[in-house]
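As structure tokens, the structure follows; a few thoughts come after it.
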Amino acid sequence: MTDVVPPSPLLDIRRIFLEPQAAALPRGQQVLARFPDAERIEIDSHTRIPELYGDETNVARWVRIKTETLVLGVKKSLTARPNGRSGDFIAPSTANGCAMACAYCYVPRRKGYSNPITVFTNIERITGYLSRHVARQGVKDIPDQCDPHAWVYDIGENSDCSLDARISDNVRDLVACFRDLPTAKASFATKHVNRDLLDWDPRGRTRIRFSLMPASDAKLLDIRTSPVAERIAAIDDFVAAGYEVHVNFSPVVVRDGWLDDWAELLDQLDAGIGPRARAQLAAEVIFLTHNDRLHEVNLGWHPKAEELLWRPDLQQPKRSQSGGWNLRYRTGHKGRYVAALTGLIAARAPYCRIRYAF
Numbered sequence: 001m002t003d004v005v006p007p008s009p010l011l012d013i014r015r016i017f018l019e020p021q022a023a024a025l026p027r028g029q030q031v032l033a034r035f036p037d038a039e040r041i042e043i044d045s046h047t048r049i050p051e052l053y054g055d056e057t058n059v060a061r062w063v064r065i066k067t068e069t070l071v072l073g074v075k076k077s078l079t080a081r082p083n084g085r086s087g088d089f090i091a092p093s094t095a096n097g098c099a100m101a102c103a104y105c106y107v108p109r110r111k112g113y114s115n116p117i118t119v120f121t122n123i124e125r126i127t128g129y130l131s132r133h134v135a136r137q138g139v140k141d142i143p144d145q146c147d148p149h150a151w152v153y154d155i156g157e158n159s160d161c162s163l164d165a166r167i168s169d170n171v172r173d174l175v176a177c178f179r180d181l182p183t184a185k186a187s188f189a190t191k192h193v194n195r196d197l198l199d200w201d202p203r204g205r206t207r208i209r210f211s212l213m214p215a216s217d218a219k220l221l222d223i224r225t226s227p228v229a230e231r232i233a234a235i236d237d238f239v240a241a242g243y244e245v246h247v248n249f250s251p252v253v254v255r256d257g258w259l260d261d262w263a264e265l266l267d268q269l270d271a272g273i274g275p276r277a278r279a280q281l282a283a284e285v286i287f288l289t290h291n292d293r294l295h296e297v298n299l300g301w302h303p304k305a306e307e308l309l310w311r312p313d314l315q316q317p318k319r320s321q322s323g324g325w326n327l328r329y330r331t332g333h334k335g336r337y338v339a340a341l342t343g344l345i346a347a348r349a350p351y352c353r354i355r356y357a358f
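Here it is, written out as structure tokens:
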């Protein structure tokens with residue numbers, strides 16, 4: 001009998017690249033105290049680390065770099081961008097990158113061959129900006145798909161906040177900030193169940209969106225994430241703790257038998273949540289968008305995933321703003337896919353309001 005090799009931990013931080021200004025702030029000091037044995041390497045900018053970014057030889061060490069490396073920086077440009085899908089606005093990031101390794105993640109497209117977590121330590125400046133931005137919006141008079149009453153701010157566009165919370169108190173500070181903003185809500189999607197968040201008393205002002213997909217897809221594509229069954233099992237507990245909980249059916253990957261597996265997932269969701277969760281449940285439905293540059297990265301560390309993600313026979317290219325090519329399911333065919341899945345949701349989980357589907 002061979003020994004079973006245990007899975008590598010999500011975080012085993014051994015080196016920290018840091019901007020001196022970021023390390024000097026209280027949040028930077030907190031993070032450094034959590035990883036006292038890590039090597040510290042001073043850098044001029046968190047966006048320019050040749051050893052990490054732009055070096056294609058790092059592809060073979062994709063997961064190891066995520067596990068062992070952390071970056072501390074200062075968020076210099078603070079802007080809440082209008083959105084209209086996941087939220088009314090995208091909040092300034094308090095982190096980017098991730099220790100998980102979902103094969104379809106768009107964040108690595110911007111960073112190049114390496115995608116460890118970067119923590120921004122000027123959290124007081126970020127929460128102050130958000131409080132002022134919310135105040136300027138006033139009361140939300142016209143309901144929209146984001147929320148009928150509150151201005152919704154997505155606080156996790158470039159990272160997974162549940163995992164970020166294991167590194168610093170940035171996410172806890174954001175939840176506390178929105179707790180006291182009666183006209184706004186924070187929102188973030190997650191694939192990581194962090195039960196420490198259950199003690200944060202959000203008072204309904206933070207929306208968590210658990211991302212779900214069929215287990216067979218997740219096993220291949222959602223690398224290093226919490227199992228889908230664990231995410232479903234957490235929903236009732238987070239509702240009871242005062243969070244608004246939605247689900248993201250994302251990304252939807254079209255393949256042989258895909259609708260049958262989504263029907264099974266919807267049945268698992270229905271069996272796994274109680275009346276309080278059902279009464280407030282809503283969903284985003286997001287079909288896969290892939291990218292030629294991410295495809296090249298994945299071929300270097302997880303080529304098996306590309307058998308599902310890279311399907312030129314089903315996809316059509318569109319030039320991205322960064323100059324690469326994004327691939328989406330073909331026009332006409334995608335409309336039928338969306339109609340089939342939203343119809344299935346209506347039949348299997350009729351209480352689950354679909355906020356948007358594309």
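Taken in order, the sequence shown gives residues 1 to 358; the numbers are from full-length UniProt numbering. All residues carry an ideal CB built from backbone N, CA and C; glycine is no exception.
- LEU25 is not a Cβ neighbour of ARG166, given a cutoff of 8 Å.
- For the set VAL245, ALA33, PRO317, the Cα lying nearest the Cα of LEU269 is the one of VAL245.
- The DSSP assignment places 228 to 240 as complete runs of the alpha helix (DSSP H) inside the region 216 to 260, in order along the chain (cut-off: 4 residues).
- Fully enclosed alpha helix (DSSP H) runs of no fewer than 4 residues occupy 170 to 179 of the region 168 to 210, in order along the chain.
- Here the alpha carbon of ASP196 sits roughly 25 Å from the alpha carbon of ARG15.
- Around the beta carbon of SER77, fewer than 16 other beta carbons sit within 10 angstroms, so the residue counts as exposed.
- VAL59 is positioned such that its CB atom lies no closer than 8 Å to that of GLY272.
- Counting only residues of its own chain and dropping the five nearest sequence neighbours on each side, GLU39 has a CB closer than 8 Å to the CB of ARG14, ARG15, ILE16.
- For GLY300, the enclosing alpha helix (DSSP H) has its first and last residue at 292 to 301.
- Within the DSSP bridge table, the entry for PRO82 names PHE89 as partners.
- In this structure the region 245 to 262 touches the region 340 to 355; the number of beta carbon pairs closer than 8 Å is three or more.
- Going by C-alpha positions, PHE89 is about 25 Å away from LEU327.
- LYS66 has its alpha-carbon roughly 19 Å from the corresponding atom of GLY28.
- The way I'd put it, the region 293 to 310 does touch the region 92 to 110; three or more beta-carbon pairs between them come closer than 8 Å.
- The shortest CA-to-CA distance from PHE210 to any of THR225, PRO202, ARG203, ASP201 is the one to THR225.
- According to DSSP, TRP310 shares a beta bridge with no other residue.
- If you look at GLY73, you'll find it in the beta strand (DSSP E) that goes 69 to 73.
- Comparing C-alpha distances from LYS219 to each of TRP325, LEU308, VAL74, ASN96 shows the shortest one belongs to LEU308.
- Sorting PHE287, ASP313, TRP325, ASN291 by C-alpha distance to the C-alpha of GLY335 places PHE287 at the top.
- If the five residues before and after THR342 are omitted, its C-beta is found closer than 8 Å to the C-beta atoms of VAL285, ILE354, ALA357, all from its own chain and listed in chain order.
- Contact annotation: GLN315 and TYR337 have beta-carbon atoms that are not nearer than 8 Å.
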